[in-house]
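Accompanying notes for the structure given below.
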Amino acid sequence: MGACLALCSLASCASCLCGSAPCLLCGCCPSSNNSTITRLVFSFFLLLGTMVSVIMILPGMETQLRKIPGFCQGGTTIPGIENQFNCDVIVGYKSVYRMCFAMACFFFLFSAIMIRVRSSKDPRAALQNGFWFFKFLILVGITVGAFFIPDGTFHTVWFYFGVVGSFIFILIQLILLIDFAHSWNKIWVENAENTDNKCWFAGLLSFTVLQYALAITAVVLFYIHYTKPDDCTEHKVFISLNLIFCIIISVVSILPKIQEAQPHSGLLQASLISLYTMYVTWSAMTNNPNRKCNPSLLSLVSNVSNSEPSGDSNPGQVQWWDAQGIVGLIIFLFCTLYASIRSSSNTQVNKLMQTEEGGGSGGEGVVGEDGIRRAVDNEEDGVTYSYSFFHFHLFLASLYIMMTLTNWYQPDTTTQAMQSSMPAVWVKMSSSWLGLGLYLWTLIAPLIFPDRDFN
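Residue numbers (mature numbering (1 follows the signal peptide of the UniProt record, and there is no 0)): -16 to -1, 1 to 439.
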């Protein structure tokens, strides 16, 4: 589906910008559903804003802007013209905060507008599935306005909004990973049983072993590089607790009672959740302001002293390309695209995500009188996902991107720098614990409530 976006010609897309989502993409996609295309386009808006934020935070961007005559304060001047524009606002972490603030406002606005839309017959559904050109103009307008917000306490206040929103988004990421793992395991097991091909079982076993191997390797490396015999007590507790929790969910997932209630439950899901938990643990430890417990990745690779400060020597310079930030962006991209095309049959996850049970995302395109293929409106009888919750998910994703690109550093209004902070550490760790609890719930819920449908 993503390839369809790249293959569409500008002419065909431009002719549909004021129309509906089905018109926007169906000219290049053989078959698609109205609901899937709409989610993909909104996700594209989010990814576009992410790309702009990445460009703004690239090193040397401010230097290049200051070379433009008459543009930046303190930059190259033109005789007789005074430079008025403050380029500090449009580069660095300030620009990321403003760009993500604009995206968050845009998606929160649509989340509020789309509350309790039940079907595509609702007049608001037309706004959800069409008028893309005007929605793009709204996003651009909010973005421009965001760059005129005075500094003041804006960055500090928005940092705490970002922390809370990112905490919730990490949980949503875990729910999506749980859903993906359940679907993955179910499809491969069914293929193995229906075709008598043992390669499917071999694949499941290989990925399970690989994910557990990576998780165990991560634990060993954490103990070696992120703990000290006489220091880093928090890290020792974090690593040990999450290791114990991962062992617990792995054991529970293969208990006979659990297998009887959920035949598709297994170690594949537990291994994926364990690996993700170790990533969140690592991400949390990299935000510890105690430099003795937080060595830079460069120092680990080049065997430089672990007492070297993490990242760049300048604490005010944000490096979004740190390893944990890159991994975070990759997971974010996967979860965002998966949320746009998912069609799950997992009842518990659907309840948590406020979506309906999926019946497949494909459909036969309908060719109109004008010869343009349009997607199937599969929401006449009822929406397949909550419009409002989907936009709220993208609202949280905007905050998560803001925190990821700025390495969860806290703005210091006195020095105009960015500093690591313990609140970010505790937010990530608590989200990992709550996420493990959610996965454990998906395992034991059918036993606790046997009268409910947890198919």
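Backbone N, C-alpha and C fix where the C-beta goes; we use that ideal spot for every residue, glycine too. It should be emphasised that the depicted structure is a prediction, and the values quoted were computed from it without experimental measurement.
Between which residues of its own chain and residue i is the CB-CB distance below 8 Å, once the five residues before and five after are set aside?
i, result
"V203", "I223, L227 and M262"
"F191", "L252 and S255"
"S237", "S249, G250, L251, Q253, A254 and L427"
"F92", "H375, F376 and F379"
"N181", "N175"
Thinking C-alpha only, which one of the options is nearest residue i?
i, options, result
"A378", "L31, W425 and L251", "Residue 378 is actually Leu in this sequence, not Ala. Of the listed residues, the one whose Cα sits closest to L378 is L31."
"D135", "N278, F91 and Y81", "Y81"
"N367", "A86, L42 and R100", "A small fix is needed here, since residue 367 is Val in this sequence, not Asn. Of the listed residues, the one whose Cα sits closest to V367 is R100."
"H166", "I315, L251, L42 and L194", "L251"
"I162", "G149, N278 and Y260", "Y260"
"L420", "P407, S258, S405 and L380", "S258"
"T265", "T20, C230 and F92", "C230"
"S372", "R102, L42, C84 and V38", "R102"
"F164", "I315, T22 and V38", "I315"
"residue 441", "N391, M83 and T201", "Because the chain in this structure spans residues -16 to 439, residue 441 falls outside the shown range and cannot be described."
"W425", "T217, V147, C216 and L158", "L158"
"N391", "G33, L225, D214 and I310", "I310"
"S19", "R326, L239, Y423 and A307", "R326"
What residues in its chain sit with their C-beta under 6 Å from that of residue i, if we drop five residues either side in the sequence?
i, result
"S297", "Model confidence at S297 stands at a pLDDT of 40, short of 50, so the residue's coordinates are unreliable; what they give is reported in the following sentence. Contacts found: none."
"S27", "T320 and S324"
"F120", "none"
"I126", "A86, C89 and F90"
"F151", "V411 and S415"
"A176", "W184 and F185"
"G146", "L383, M386 and M387"
"K220", "T211"
"Q195", "S255, L256 and L259"
Does the Cβ of residue i have 16 or more other Cβ atoms within 10 Å, making it buried, or fewer, making it exposed?
i, result
"I233", "buried"
"S291", "At S291 the pLDDT is 40, less than 50, meaning the model places this residue with poor confidence and gives no usable figure here."
"K276", "exposed"
"M40", "buried"
"G312", "buried"
"D365", "exposed"
"M35", "exposed"
"L317", "exposed"
"P434", "exposed"
"I154", "buried"
"L256", "buried"
"P107", "exposed"
"V409", "buried"
"F118", "exposed"
"V129", "The identity of residue 129 in the sequence shown is Gly, whereas the question assumes Val. So G129 ends up on the exposed side."
"K105", "exposed"
"Q394", "buried"
"L160", "buried"
"N17", "buried"
"Q243", "exposed"
Which residues does DSSP list as the beta-bridge partners of residue i?
i, result
"K212", "D215"
"N272", "Its beta-bridge partners do not exist; DSSP assigns none."
Quick one: residues in its chain with C-beta nearer than 7 Å to the C-beta of residue i, no 5 flanking neighbours on either side, listed in chain order?
i, result
"R436", "none"
"F376", "S95"
"A197", "none"
"H248", "H166, N169, K170 and V173"
"W142", "Y81 and F85"
"K241", "L431"
### Contact the segment 414 to 422 vs the segment 184 to 200: 3+ CB pairs below 8 Å
These segments do not touch.
### Task
Would you check if the segment 168 to 183 and the segment 111 to 120 touch, i.e. whether three or more CB-CB distances between them fall below 8 Å?
Flag = no, the segment 111 to 120 and the segment 168 to 183 do not touch.
### Task
Could you tell me whether the segment 134 to 154 touches the segment 202 to 217, using the rule of 3 or more Cβ pairs below 8 Å?
Taking 8 Å as the limit for Cβ pairs, the verdict is that the segment 202 to 217 does not touch the segment 134 to 154.
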